[in-house]
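Before any comments, here is the structure.
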Amino acid sequence: MNSCTKVWKLLSGVSGTFSKPVSIGAKFPQIKLCSRMSTNASIPEHKRDIETFQDVYPGIIETLSRNPGLYENRDVASWLNKVLDYNLHGGKKARALATIFAYETLERPENITHEALRLIRVLGWCVEMLQAYFLIMDDVMDGSAMRRGAPCWYRLPEVGLGAINDCNLVQAAMYDILKEYCAHLPTYKDIVHLFNETLFNTSIGQHLDYTMAHRIMTDYSMFTPERYTAIVTYKTAYYTFKMPVFLGMLVATDMDQRIHPTVEKICLDMGYLFQMQDDFIDCFGAEHLTGKIGTDIQEGKCSWLAVQALQRLTETQRKVFVACYGSHEPAHVERVKRLYEELGLPELYRKEETKRYDEIVERSQNLGPNAGTMPDLFIKLLALIYNRKK
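Just so you know, we're using this note's numbering here: the sequence shown kicks off at 1 and counts up by one.
Encoded structure:
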């Protein structure tokens, strides 16, 4: 499977097709893209990627078993294994596999050894532990019932609010694995800092999102472009784009640290673009492509569409919006969609998507001569998400 196809599977979850050819090469002929942009790679190939990643997991559990505290308290070690087995399995492993992809793209081919791949896969599992930490906590905060087709961890009779301490166990295990596998690396402190930063920033994003969900439902004073950007940046972009890309950079050899600030800005811009697309697809996406029915309108989410609408509504339209937004009544949902169309938001979305795409491409190409294959990484990611339908 070529690297482009791999990332598409990570981002979409299943194979799909573009609605029209991506024209990066036409706009920027100096960029050499993947020779094959087909997204119709076989499921067995993707399955092998997952299986190779899974092969590292038993070694991680064995490493944790040697932790002095867990070694002396075998019942806690057994419980932690249960927490990890329940919460780490299932899901697409998108961020973990994207971390591996970033490393494979950025590293010199001669340095991609068996040991190097094992290390980056271990880091992928640390990313999954961080994901589990957030999901367990998020389910408790939201009072959710199901996660990945199974009861949420805290919903199990033997767990309950003990799930809060289980989050602490998962986080501590993550840092223990980082120490055991990465302490010898010259970039170890930077890797730990990246995990700390991601944990802190995503927690900020979770709080921003939580306060929006628990506002007075008819109060849209916080539905501003600035608030939306903050939520997207802190809850999505750091975690979904910056962390995988920077982990790849920190493990790859001889990456120029002077490009870090610009790379971070590009990652955050890509996170905004990706979330904006998600918000649009939630409302206007074809169900036969997405495999689900959108719920942002019904749940009164601070989406890109809602924020843009509130900047443009007339007084009469605003009354309709306030009366219908956040309602599960099908007629109300359709009325909000019609409002979006009346305001020309689909056309605005297409222009904004293209504008942000062009800006990211240009910034990627201006990283400088010491950027190595970093521009290629961003171009491939962009090529795979631009104009996506799911």
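Every residue, glycine too, gets a C-beta built ideally from N, C-alpha and C. A quick note: this is a predicted structure, and the numbers were derived from the prediction, not measured.
For Asn366, no alpha helix (DSSP H) run applies, since DSSP gives it neither H nor E.
Residue state for Met146 is assigned as strand, using DSSP reduced to three classes. Gly205 is a Cβ neighbour of Tyr234, given a cutoff of 7 angstroms. Closest in alpha carbon position to Leu70, among Ile385, Val170, Glu128 and Gly90, is Val170.
Shortest Cα-Cα distance from Ala77 to any of Leu88, Thr63, Gly90 and His89 involves Thr63.
For Tyr228, the closest alpha carbon among the candidates Val307, Gly285, Gln257 and Ile281 is that of Val307. Put simply, the region 372-380 touches the region 101-111. At least three CB pairs are less than 8 angstroms apart. In the DSSP annotation of this structure, the continuous segment of the alpha helix (DSSP H) that includes Gln277 starts and ends at His260 to Phe284.
With respect to the C-alpha of Gly271, the residue from Gly162, Trp125 and Leu382 having the closest C-alpha is Leu382. In the DSSP assignment, Thr316 falls within the alpha helix (DSSP H) that extends over Glu315 to Cys324. By the Cβ test, the region 305-322 is in contact with the region 334-352, since at least three Cβ pairs between them sit closer than 8 angstroms. Of the residues assessed, Asn67 falls on the buried side of the cut-off, its CB having 16 or more other CB atoms within 10 angstroms.
Judged by DSSP in its simplified three-state form, Pro157 adopts coil rather than helix or strand. With a beta-carbon spacing of about 32 angstroms, Val159 and Arg118 fall beyond the 8 angstroms limit used to define contacts.
Per DSSP, the continuous alpha helix (DSSP H) segment holding Phe246 begins and ends at Met243 to Val251. For Pro186, the three-state secondary structure derived from DSSP is coil. Sequence-distant partners of Thr113 (beyond 5 residues in either direction) whose C-beta falls short of 8 angstroms from its own C-beta are missing from its chain.
Relative to Lys351, the option among Gln277, Ser364, Phe200 and Cys324 whose CA is nearest is Gln277. Within 10 angstroms of the beta-carbon of Lys355 lie fewer than 16 other beta-carbons, which makes it exposed.
The closest CA to that of Phe53, considering only Asn111, Ala237, Leu84 and Thr99, is found on Thr99.
Cys267 and Ala172 have their C-alpha atoms spaced approximately 27 angstroms apart. Exclusion of the five residues before and after Gly368 leaves Ile259 as the residues of its chain whose Cβ lies within less than 7 angstroms of its Cβ.
Under the three-pair Cβ rule at 8 angstroms, the region 137-145 does not count as touching the region 183-195. With contacts defined by Cβ atoms closer than 7 angstroms, Gly300 and Met222 do not form a contacting pair. Separation of Lys47 and Leu343 (C-alpha to C-alpha, rounded to the nearest whole angstrom) is 44 angstroms. Contact check for Leu194 and Leu273: beta-carbon distance about 22 angstroms, past the 8 angstroms limit, so the pair fails to qualify. Contact between Leu97 and Asp49 holds, since their C-beta atoms are separated by about 6 angstroms, short of 8 angstroms.
For the pair Gln298 and Asn73, the Cα-to-Cα distance works out to about 47 angstroms.
The beta carbon of Ile360 lies closer than 8 angstroms to those of Ile266, Asp269, Met270, Leu273, Phe378 and Leu382 in the same chain, with the five residues before and after it left out. The beta carbons of Cys283 and Leu305 sit about 6 angstroms from each other, so the pair counts as a contact at 8 angstroms. When the Cα atoms are used, Ala213 and Tyr220 turn out to be separated by approximately 11 angstroms.
Under the DSSP definition of a beta bridge, Pro151 partners with Met146.
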